[in-house]
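Chains as they are written, first to last, in my numbering: chain A, 3 to 559; chain B, 3 to 559.
Even glycine gets a Cβ: it sits at the ideal position worked out from N, Cα and C.
First up is the structure itself, then whatever we jot down about it.
Below, the structure is given as structure tokens:
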């Protein structure tokens, strides 16, 4: 008969083997004792690449970045007790952003629950309702063939019908280590899982086509990746422009970008005429101006790629649950009337006017963002933090035929875990170069995330505007308590922060940013370019660009 | 009629005023927009001292440390979205360790829930079942008199019948700021709440007295604060020794420490004879050796100070729910038979033998811990991390008539948030000096916690044994994957880590620790004493001390 240690090892090996058989090939592990069988099974599995990271919060955001970049579920392993609670911010982001994660929480057995045992609390409901499912396993048992099907089910739940995190809680009794060096192999294979795409029936497509064709409309490609080619084919059929959020994936790449508007946040602030119809794919846009402008349209049609209801304005006239690419192509195939060309011309003019204004008024961040995009090689990763970084990208990225992957933790738009997410994406090995654009508070909030960059090559552009610059644009700026309560400038030595993990620190003046970036991208290791931004001056120039871009009358004169 | 901004301000002011009226006087705030009315109400309340900390994980552990040191509920404020999820590790510790926290989570209103709105997820069940209660408020309303009673109820729930965290979820609509500079005062006063002590009926006390008197027993004062004087009076009446966990509060102070054993972890590893009865107050002890020894007693009686069931061995013969001080005194009053003196003599001998062995075998940490305790002035704070720090304190602190407050996050014994907790306790202002003893992984896990120490005077003794030294004592040490998977030594520059926030860094050799400590404690600001420990040598000496202390036969010869 097997002893408990051998049963634990075989059980953990069956779990990890089942996950690997269902397509998982990455594990991110934080050290601990109770999790030993799981960690060992990951480290010893030939099909799993493991990374060990001390801080579970860092580990979870790293796994999130990896899963985003690879578009595959990533396994997390931690020990019992508060360890898993440190995963929570990343789990909440994965829930909101629909990123597949498999959360393997080691646990103590039932006899140690609710009786004051060390490092033990109720982990079974920890992540509810942020997880798609919780599989609460019994303590390891000799009969383990069913774990192949369970792990296949868990991986499937992380992908469909709503991608996101899935927890498997795994209690172990002591001893945690096997005496037998080679645990028996699992004999059972996981089932192959075939998942569908959501296809709208043809009569519904026809109803939609009659509703949209010939009207002054716009496709709004929102703040998550949408399929470029089908949306462009649809825009061509309707003769509509596409407002492309910086996270839509439509701004960068070899596809036809003629109709792709990248400056809507600039020119839709004023009296630009409302559309008759806004057809949105993807999440609500980053831009508040675009969000407000589209609410003035006669009607809004929202395409939800799954069962969610992405309508924060609560004013959609139609909610379509369908695969965006399938829907766009089936709609383009049946549209017969295009809108007259004048409609599109007004968009081209506004886009051009905004580009000129941004150049003329020289917002410091604009030049930096353009330089960064120019410096990156084809296929690179461009990671942006929330708050000002993604908004400046929105306003000033423009468009390029260079293919870039733009990532941002936009599910909950948190300040947390941004560096960890970035390094996780870098770890995918899919990008010839990687650049993160982050503010000073975001950088400091994930200080420990810098540890995850050891051994990688990547560049972090740290925009230091001396605190939470975004609050300069909010009414809180007028409060007497503004500086200590909202701006919260941190007295921190960024050179020291960078040095902890042996990364390279380059204080960089705006005028030197192009050579500094080029140099950093060509150098192995992690480089932090520290750019001091004049916060007040920057805010004034942002406002000037918005004012110059947004007056429809002025520039059509 | 009031506008929405004014209603928000008055609502938040009523909440904070109600909490202050119920005894809260501290708030820890992380910056955000949706939380503006709450943050402003805290910052403007004359009865609340506020601290703003960027990282919500740091903020929550800081609040935990403050609440531990002040023994009063502390308010946390954060914005909507993933912010509150960063509180989770500290909330889980507060739940396990019964630390009162009031969690004020700002939220978006119902119309922005479940519809893809930014920074919005389901916060209402986030902390269930780790919180005592969740109060889900409606969006701010003009009628707010009832908030005085609600906040009194929330504070009461954080203290009784089981102390711990309580959440109040507070949605706000925009605009978030008031136009009226002086919001109307609340007219209603919170009720005064009177809470009971748990008193065992006299007939139950008599039953207990007959069960314990005259038998060879021991009082086990476990890993949380227990009332010294009543326990000593009871030990005197029974003529029993007291095994004092380092977190029991019994090792340091002017009380009669004659019966207080501080080296049980050393001498109870071997063939020390089992007791007939173990009467435990407080949580299960830190020491595994003590835990195993007491399981060999004929019977165990556990005193739970509330409704919990602190019996991880599942082998208690009696579970008594009663106030420890009341119970000890009422029992001492009716005990008539004491155990013969030989029983106690065998304990004195073992304690003495262990002290000699520890001195003779010169475990490096032993001298350091003794020096640290000697250097601290009366009334100081001694914070210890989990893992090796609290175990070395257990083995080597000895006992002193100097009053010290020993704190440790022993609820879930996490590696997380230790520096933040320490600085939170320091912020109470109750201690003339403060010293934290932490290992290298614990230090790095809470790197951002160093930010919280700005402006304080405190000393951190960083025991750097090059990774997770505790694993040297576990079977994982034999694995080929031991170093990358469990020991996980970090290539980190601790001088740089200390420099980020302007703290002082002192690399210290063991021989220089006494002057270095004395100097650090006398200097304002935060000092990090970095002590390199020879991990392998230290483990060997620990083992030698345990061996020399634990043979009962050898030394009674």
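By a beta-carbon distance limit of 8 Å, residue 413 of chain A contacts residue 95 of chain A. Their separation comes to about 5 Å. The beta carbons of residue 285 of chain B and residue 118 of chain A sit closer together than 8 Å. By alpha-carbon distance to residue 443 of chain A, the top candidate from A/262, A/420 and A/453 is A/420. Sixteen is the threshold: when 16 or more other Cβ atoms of the shown chains lie within 10 Å of the Cβ of residue 423 of chain B, as they do, the residue is buried. With fewer than 16 neighbouring CB atoms inside 10 Å of its own CB, residue 362 of chain A falls in the exposed class. Taking CB atoms only, residue 285 of chain A has a neighbour in chain B less than 8 Å away. Approximately 7 Å separates the beta-carbon atoms of residue 254 of chain B and residue 408 of chain B; this is inside 8 Å, confirming the contact. Per DSSP, reduced to three states, the secondary structure at residue 485 of chain A is helical.
If you look at residue 458 of chain B, you'll find it isn't in any beta strand (DSSP E); DSSP assigns it neither H nor E. Taking 8 Å as the CB threshold, residue 123 of chain A lines the interface with chain B. Residue contact with chain A for residue 48 of chain B: absent (no Cβ-Cβ distance below 8 Å to any residue of chain A).
DSSP, reduced to helix, strand and coil, places residue 107 of chain A within a strand of the structure shown.
Taking one beta carbon from each stretch, the segment 174-191 of chain B and the segment 138-147 of chain B have 3 or more pairs nearer than 8 Å; the two touch. Cβ-Cβ separation between residue 386 of chain A and residue 455 of chain A: approximately 17 Å, too far for a contact (criterion under 8 Å). Inter-residue distance for residue 97 of chain A and residue 324 of chain B is about 43 Å (C-alpha atoms, whole angstroms). Between the segment 121-138 of chain A and the segment 77-92 of chain A, the count of Cβ pairs shorter than 8 Å is three or higher; the stretches touch. When the Cα atoms are used, residue 49 of chain B and residue 445 of chain A turn out to be separated by approximately 34 Å. The beta-carbon of residue 120 of chain A is placed less than 8 Å from the nearest beta-carbon of chain B.
For residue 44 of chain B, the three-state secondary structure derived from DSSP is helix.
Taken through DSSP and simplified to helix, strand or coil, residue 441 of chain A comes out as strand. Here residue 137 of chain B is bridged, per DSSP, to B/170.
When C-beta atoms of the segment 233-245 of chain B are compared with those of the segment 325-334 of chain B, three or more pairs fall below 8 Å, so the two segments count as touching. For the set A/267, A/181 and A/74, the Cα lying nearest the Cα of residue 394 of chain A is the one of A/267. Pairing residue 501 of chain A with residue 526 of chain B, the inter-Cα distance amounts to about 26 Å. In this structure, DSSP gives residue 26 of chain B a state outside helix and strand, which the three-state scheme calls coil.
For the segment 64-116 of chain B, the continuous alpha helix (DSSP H) assignments of 4+ residues that do not extend past its boundaries occur at 90-99, in sequence order. A straight-line Cα-Cα distance of about 49 Å links residue 486 of chain B and residue 244 of chain A.
Taking 8 Å as the cut-off between beta carbons, none of the residues of the segment 332-349 of chain A comes near chain B.
Among the residues of chain A, those whose CB is under 8 Å from the CB of residue 493 of chain B are 456, 503 and 504, following chain order. By the beta-carbon neighbour count (other beta carbons within 10 angstroms, threshold 16), residue 479 of chain A is exposed. Between residue 161 of chain B and residue 116 of chain A, the alpha-carbon positions lie close to 20 Å from each other. When the Cα atoms are used, residue 274 of chain B and residue 349 of chain B turn out to be separated by approximately 9 Å. Of all residues in the segment 14-44 of chain A, the ones placed with a Cβ closer than 8 Å to any Cβ belonging to chain B are 31, 33, 35, 38, 41 and 42, in chain order. Nearest C-alpha to residue 147 of chain A among A/201, A/17, A/530 and A/51: A/17. The C-alpha of residue 326 of chain A lies about 58 Å from the C-alpha of residue 195 of chain B. In summary, residue 309 of chain A is exposed, with fewer than 16 beta-carbon neighbours lying within 10 Å of its beta-carbon over all protein chains present.
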